[in-house]
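Chains as they are written, first to last, in this note's numbering: chain W, 754 to 938; chain G, 754 to 938; chain P, 754 to 938; chain L, 754 to 938. Below: one structure, written as structure tokens.
4 protein chains.
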Amino acid sequence: MSTQDTPRIAIAYFTGSGHTRRVAEAIAEGAGAAALIDIEAMTPADWQDLDEAEAIVFGAPTYMGSSAARYDVFLEEASSRWPDQLWADRIAAGFTVATYPSGDKLSTLVRLAVYAAQMGMIWVGQAEIGAPVDPDKPGINSVGSWLGLSATSSRDKTELVGADDLQTARRFGARIAAATLRWRE
Amino acid sequence: MSTQDTPRIAIAYFTGSGHTRRVAEAIAEGAGAAALIDIEAMTPADWQDLDEAEAIVFGAPTYMGSSAARYDVFLEEASSRWPDQLWADRIAAGFTVATYPSGDKLSTLVRLAVYAAQMGMIWVGQAEIGAPVDPDKPGINSVGSWLGLSATSSRDKTELVGADDLQTARRFGARIAAATLRWRE
Amino acid sequence: MSTQDTPRIAIAYFTGSGHTRRVAEAIAEGAGAAALIDIEAMTPADWQDLDEAEAIVFGAPTYMGSSAARYDVFLEEASSRWPDQLWADRIAAGFTVATYPSGDKLSTLVRLAVYAAQMGMIWVGQAEIGAPVDPDKPGINSVGSWLGLSATSSRDKTELVGADDLQTARRFGARIAAATLRWRE
Amino acid sequence: MSTQDTPRIAIAYFTGSGHTRRVAEAIAEGAGAAALIDIEAMTPADWQDLDEAEAIVFGAPTYMGSSAARYDVFLEEASSRWPDQLWADRIAAGFTVATYPSGDKLSTLVRLAVYAAQMGMIWVGQAEIGAPVDPDKPGINSVGSWLGLSATSSRDKTELVGADDLQTARRFGARIAAATLRWRE
């Protein structure tokens, strides 16, 4: 893949205990390359990466049925780009992580998609039908989440996120990268 | 429990291949007694049960990220009770079933809760923290769903719904019954 | 109304420029009495009011399609009450304010209702059909919002919130107070 | 615009009393050209238009806080395209109409966006900031809805939908057409 063909993707995540960062890394791996931005330690260079990105991937744990509050603070800061629609017509996607398989994670993904819509962005969801519907893809999108990626925290503190969810995340990253290139004018 | 103390609960469900009916039965079992209403075969007596119920439990499978269309048809018919707010101030609750643990089921529960709010009803959600957060309740609310009950279809055609989800459903039925009695004037 | 009959209601709000506080005051007025809690200045007495309340009303402006981030921080702090379900079986209700009539405010109300469900609370929505459907109630719930109260910021900086929305808020407060008394064991 | 440059857009709508069709027509007008498909009278040619479209716009009135049930029936029929992801990677967008300015219309738009995500589609929302935030665009997106277009039924039976909402719809159609061409490989 030449530089020409490398989409500029920024993944803006908040991680409470490492799970969400682990998923962010897997998405970046699948995308080929991406700026990994920890929103707790934003630098001017991070803001520049966001402002110059062709695609922004939003990722936050689900706490109490919505995105983690620290992430909401970041989203509100970034809304300084709203009045001039600076991020309009960029690709957007979202992911979340929680302790439970469902865990009301869809609430977080809806919140991210509505935010991206207010920013004028184009939303790329999941498009993976895993097992049991597609028996050839065991473990892919195993919780069944389409508006974005939903991962489940592994109880194994070393592993953080299970291999299946990481594989799903890599495929999601590849999908976002392909969409970003296709969307390029 | 005397008749006096038996809450009048109606469970209005649609079932595609039996899973949702199985959960409805478990909720009824937990509630002590309930009118089980299959919305595909509504009789005048069923409508009377609904109109005289102190609590209505709405249950539908999640198909393509929302309640099954056949159920939506029922909800729209029942909205003839909306202009006069005939069901206002009754207790309401909801449940859904899908193939995947998450499966965008929260979308169905939100849809049911918004509908119930339009009808003026009082919404009773789940209040169960199962394992892993509460290790003493393995299998209870294992997907992590609070606005209502989310069950996962068992791949075992005989079983239909796993024992853990049925146990969660019985506890949900008991909670709804208790809330209905407490709400009684 | 004797002290005996006064429900203990706490209204926990965040206000950016006064609009949300104005609605909170109107709800309190309709409820007869309520502890008005500005979540930016929580004192131990405020937390005690929340922990001892029979009903908690959650109120936040909608910023960028969800509750204001400062409010999300408060909700996350309050989730220390989640593992022991300290607020379970209390009455809950919600309201929001934004510049636009719709303004994606339903997203905030859903977020609040899902949060309350995780806390094990019982959700009381709006039950007002205003004009044009009910011509006898001009201005009541004029935007058409049922899961909770949605108000629109007045462009008049002195007025903050229009008379119709304040009247709707007073009626909402009265409904919450009545529900709280009925729910009392 | 040459045929080459004309995107193939299909607008699949249900209309109860004409309002939603009126908005569909305005979107088609803004898009330049589009197949207008009344889902109550689907022909094999209509299904072919959908299956060959580069973009599908979903439109339904909001009844009782979600899409009209007749539309849900259509969406469920169309889900025969889900297992093979026949509509994947097409552009999707949504609109809704209701009596009230808010009217819980966001619930319908979320339902449509989640459905489109399950179908693997790419979601294009509104990107219009109207007055009062942008005083140069009075009447554009005046209710404030971004995930898709929200129109309000005019009480004038001849007019059906007000001029401002129709103007917003035309602009939305133009945006969808531009996005479809940009997305073309």
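Just so you know, even glycine gets a beta-carbon here, dropped at the ideal spot from N, CA and C. Since we're looking at a predicted model, the values are computed, not measured.
{"Asked": "Excluding the 5 residues preceding and the 5 following P/A841 in the sequence, name in chain order all residues of the same chain whose CB lies nearer than 6 Å to its CB.", "Found": "G873"}
{"Asked": "With W/T911 as the anchor, note down where its beta strand (DSSP E) starts and where it stops.", "Found": "Note, W/T911: premise wrong, no beta strand (DSSP E); not H, not E."}
{"Asked": "Where does W/T773 land, buried or exposed, given buried means 16+ other C-beta within 10 angstroms?", "Found": "buried"}
{"Asked": "So, do the stretch 826 to 833 of chain L and the stretch 905 to 918 of chain L have three or more beta carbon pairs nearer to each other than 8 Å?", "Found": "no"}
{"Asked": "In the structure shown, what three-state DSSP assignment does W/T921 receive?", "Found": "helix"}
{"Asked": "Less than 6 Å between C-beta atoms, sequence neighbours within five positions excluded: which residues of the same chain meet that for L/Q871?", "Found": "none"}
{"Asked": "What residue ranges within the stretch 833 to 919 of chain G form continuous alpha helix (DSSP H) runs of no fewer than 4 residues, ordered along the chain?", "Found": "858 to 871"}
{"Asked": "Is W/K858 buried or exposed, if buried means 16 or more other CB atoms sit within 10 Å of its CB?", "Found": "buried"}
{"Asked": "Among the candidates W/Y868, W/R923, W/A927, whose CA atom is the shortest distance from the CA of L/L900?", "Found": "W/Y868"}
{"Asked": "For a contact defined as C-beta to C-beta under 7 Å, what are the partners of P/Y853 on chain L?", "Found": "V896, G897"}
{"Asked": "Along the alpha helix (DSSP H) that carries P/A821, what are the first and last residues, could you check?", "Found": "Taken as a continuous stretch (DSSP letters only), P/A821 belongs to no alpha helix (DSSP H), as it is neither H nor E."}
{"Asked": "Quick one: what's got a C-beta closer than 6 Å to L/P814's C-beta in the same chain, skipping five residues either side?", "Found": "G769, T773, A821, V850"}
{"Asked": "Would you list, in chain order, the members of the stretch 870 to 894 of chain P that have their beta-carbon closer than 9 Å to a beta-carbon of chain L?", "Found": "G883, P885, V886, N894"}
{"Asked": "So, does the CB of L/G818 fall closer than 8 Å to a CB anywhere in chain P?", "Found": "yes"}
{"Asked": "Do G/E912 and G/N894 have their C-beta atoms closer together than 8 Å?", "Found": "no"}
{"Asked": "Where does P/P760 land, buried or exposed, given buried means 16+ other C-beta within 10 angstroms?", "Found": "buried"}
{"Asked": "For the beta strand (DSSP E) that contains P/I780, what are its first and last residues?", "Found": "Segment 772 to 784 is the alpha helix (DSSP H) holding P/I780; no beta strand (DSSP E) there."}
{"Asked": "For L/G783, collect the residues of the same chain with a Cβ closer than 7 Å to its Cβ; drop the 5 residues on either side in sequence, then sort them by chain order.", "Found": "A922, R923, R924, F925, G926, A927"}
{"Asked": "For the beta strand (DSSP E) that L/A763 lies in, which residues bound it at each end?", "Found": "762 to 766"}
{"Asked": "In this structure, does DSSP put W/A831 in helix, strand or coil?", "Found": "helix"}
{"Asked": "From the beta carbon of G/R864, is the nearest beta carbon of chain L less than 8 Å away?", "Found": "yes"}
{"Asked": "Can you tell me whether L/G883 is buried or exposed, with buried defined as 16 or more other CB within 10 angstroms of its CB?", "Found": "buried"}
{"Asked": "Going by beta carbon distance, what residues of the same chain come within less than 8 Å of P/Q838, once the five residues before and after it are set aside?", "Found": "M872, G873"}
{"Asked": "Output, in sequence order along the chain, the residues in the stretch 803 to 829 of chain P whose CB is closer than 9 Å to any CB in chain W.", "Found": "Y816, M817, G818, S819, S820, A821, A822, R823, Y824, D825, V826, F827, L828, E829"}
{"Asked": "Can you tell me which of P/I790, P/R864, P/A787, P/A846 puts its alpha carbon nearest to the alpha carbon of W/Y816?", "Found": "P/R864"}
{"Asked": "To the nearest angstrom, how far is it from the Cα of G/E778 to the Cα of G/D791?", "Found": "11 Å"}
{"Asked": "I need the DSSP call for G/G769, collapsed to helix, strand or coil.", "Found": "coil"}
{"Asked": "Give the straight-line distance between the Cα atoms of L/E805 and G/D799, rounded to the nearest whole angstrom.", "Found": "44 Å"}
{"Asked": "With a threshold of 8 Å between beta carbons, is W/D837 in contact with chain P?", "Found": "no"}
{"Asked": "Would G/D857 count as contacting chain L if we go by Cβ distances under 8 Å?", "Found": "yes"}
{"Asked": "Does any CB atom of chain G fall closer than 8 Å to the CB of L/S770?", "Found": "no"}
{"Asked": "Between which residues of its own chain and L/A781 is the CB-CB distance below 7 Å, once the five residues before and five after are set aside?", "Found": "I764, A787, L789, G926"}
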